[in-house]
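J.: Protein sequences, first through last, are from chains Y and V. Per our numbering, residue 17 is the first one in the first sequence, and the count goes up by one each step. Per our numbering, residue 11 is the first one in the second sequence, and the count goes up by one each step. Would you mind keeping the following structure in view while I ask a few things?
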Amino acid sequence: MILRRTCKEVAALLVAREDRALPMVERVALRLHLAACQACPNFEHQLSVMRQALRLWREDANENPSPAAKSSTNSPDRR
Amino acid sequence: MNLESQLAQHQAYLLRFARLQLRNDAWAEDAVSETMLAALSKPQSFDSRSQLKTWLVGILKHKVIDILRQRQREVSVDQDEGDGSEELDALMFKADGHFAAQPADWGNPEQELSSRQFFTVLEACAEKLPPAMGRVFLMREWLELPSEDICKELQLTPTNLYVQLHRARLRLRECLELNWFGNRAAT
Numbered sequence: 017m018i019l020r021r022t023c024k025e026v027a028a029l030l031v032a033r034e035d036r037a038l039p040m041v042e043r044v045a046l047r048l049h050l051a052a053c054q055a056c057p058n059f060e061h062q063l064s065v066m067r068q069a070l071r072l073w074r075e076d077a078n079e080n081p082s083p084a085a086k087s088s089t090n091s092p093d094r095r
Numbered sequence: 011m012n013l014e015s016q017l018a019q020h021q022a023y024l025l026r027f028a029r030l031q032l033r034n035d036a037w038a039e040d041a042v043s044e045t046m047l048a049a050l051s052k053p054q055s056f057d058s059r060s061q062l063k064t065w066l067v068g069i070l071k072h073k074v075i076d077i078l079r080q081r082q083r084e085v086s087v088d089q090d091e092g093d094g095s096e097e098l099d100a101l102m103f104k105a106d107g108h109f110a111a112q113p114a115d116w117g118n119p120e121q122e123l124s125s126r127q128f129f130t131v132l133e134a135c136a137e138k139l140p141p142a143m144g145r146v147f148l149m150r151e152w153l154e155l156p157s158e159d160i161c162k163e164l165q166l167t168p169t170n171l172y173v174q175l176h177r178a179r180l181r182l183r184e185c186l187e188l189n190w191f192g193n194r195a196a197t
C-alpha cells in the first residue's frame, strides 16, 4: 500500500520534520500510521520535548525562570 | 557596578556556548575576548541591565560566525565520516522496521525543563556529538541559521546537512533517554 510506513520509516520522517517540511503524501502517511501505532506517538512526543528543551536552552530560561512551559506545542516546521 | 565587572560575570556563560559551537577552546576564547572588546568599545549601544546578556550573546553569535567563516576549511564536514549512526539505527529497530523497544513516555517535563541539572545534561549530550556534527547542529539550534546559510558556510549539500542534523537529533534523543528520562523513571 502506497501510504503504509514502518515504524522505522515513520521515525525517520518525524526526525526529518524537525528540519524541513515534508511532502504532502508523507504527511498523510505519517498521520495514518500515528493514529494506529502504539510506539511512534511516544517517539513523536520525545521529539517535541526535545524541541521545547532546545528552545528554552537557547532562550536561557534556566537562568530567568518563568517563560517555561508556556507553549509546549510550537510548530515543527518552524523555519 | 561598572560595565567591565558586569561583563566578567557573563564570561563563563559565553565561553560555554562558544566552545559548544566551535569545538575548539582557543577559537572559543578568541570569540569571547572579541565579544568583550566589542561590548566595551560601544557601551552606549545597550541600555538596560536586564538585557546585557542578550546583547552579549548577540555579539558573540556574530563573532562565532566570523570564526567559522575564517576557519571554513578546518570546520568542513567530512562527508564520509563513519560515525556509528547505522549502529544506532540497528539498535533502535528490528529488521521488520518495528521499534526494538517501545520508546519511553517522557511525560510532561515542565518542571524539569526549567531545572539547571537538566540543561547541564543537555549540554553534555550536545558536547558528546562528534565535532563536525555538533557544529552543524549548533548552527541550527543555537545560531538559528537558515539551512541555506549553513550549507553555504560549511560547503554542504542540503542532503548532507539533513543527514547530519538527523543523526545529531537521534544521538541527542538517545543521550537524554539514557542520562535523564530513563533514570528518572527508575527513581
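We treat Cβ as the ideally placed atom computed from N, Cα and C, and that holds for glycine.
#1: To the nearest angstrom, how far is it from the Cα of L182 of chain V to the Cα of L66 of chain V?
#2: With a threshold of 8 Å between beta carbons, is R74 of chain Y in contact with chain B?
#3: What does a CB cutoff of less than 6 Å around V42 of chain V pick up in its chain, not counting 5 residues either side in sequence?
#4: Is any beta-carbon of chain Y found at less than 8 Å from that of G192 of chain V?
#5: In three-state DSSP terms, what is F59 of chain Y?
#6: Would you mind telling me which residues of chain Y sit closer than 8 Å to A114 of chain V, beta carbon to beta carbon, in chain order?
#7: By Cβ distance below 8 Å, which residues in the same chain neighbour V31 of chain Y in space, the five residues on each side in sequence not counted?
#8: Which full runs of the alpha helix (DSSP H) of 4+ residues lie inside the segment 87–151 of chain V, going along the chain?
#9: P120 of chain V to A45 of chain Y, Cα distance in whole Å?
#10: Report back the beta-carbon spacing between F128 of chain V and E122 of chain V to the nearest angstrom; my notes put them in contact at under 8 Å.
#11: Is it true that the CB of L70 of chain Y sits closer than 8 Å to the CB of E84 of chain V?
#12: For the ligand HEM, I want to know if W152 of chain V counts as a neighbour, meaning its beta carbon is within less than 7 Å of at least one of the ligand's heavy atoms.
#13: Could you compute how far the alpha carbon of F147 of chain V sits from the alpha carbon of H61 of chain Y?
#14: Rounded to whole angstroms, what is the Cα-Cα separation between T167 of chain V and T45 of chain V?
#15: In the DSSP assignment, the alpha helix (DSSP H) including A38 of chain V goes from what residue to what residue?
#16: Pull up the CB-CB distance for L32 of chain V and A38 of chain V, whole angstroms please, since I reckon it's below 8 Å.
T.: Reading from the atomic positions:
#1: Cα-Cα distance, rounded: 27 Å.
#2: Annotation note: the requested chain B is absent from the structure, which comprises protein chains Y and V.
#3: Closer than 6 Å at the Cβ level, and outside the excluded window around V42 of chain V, lie L24, L25 and A28.
#4: At a cut-off of 8 Å between beta-carbon atoms, G192 of chain V makes no contact with chain Y.
#5: Per DSSP, reduced to three states, the secondary structure at F59 of chain Y is helical.
#6: Per Cβ cutoff of 8 Å: N58 and Q62.
#7: Here the set comprises L63.
#8: The segment 87–151 of chain V contains these whole alpha helix (DSSP H) runs: 95–102, 126–137 and 141–151.
#9: For clarity, residue 120 of chain V is Glu in the given sequence; the question names Pro instead. Near 30 Å, if we compare the C-alpha coordinates of A45 of chain Y and E120 of chain V.
#10: Contact holds; Cβ gap of about 5 Å.
#11: Against a cut-off of 8 Å, the Cβ pair of L70 of chain Y and E84 of chain V comes out as no contact.
#12: This structure simply doesn't include the ligand HEM, nor any ligand for that matter.
#13: Straight across, the Cα-Cα distance linking F147 of chain V with H61 of chain Y is about 20 Å.
#14: Note on geometry: alpha-carbon atoms of T167 of chain V and T45 of chain V lie some 31 Å from one another.
#15: Where A38 of chain V is concerned, the enclosing alpha helix (DSSP H) starts and stops at D35 to S51.
#16: Distance from L32 of chain V to A38 of chain V at the Cβ level is roughly 5 Å; contact confirmed, criterion being Cβ atoms closer than 8 Å.
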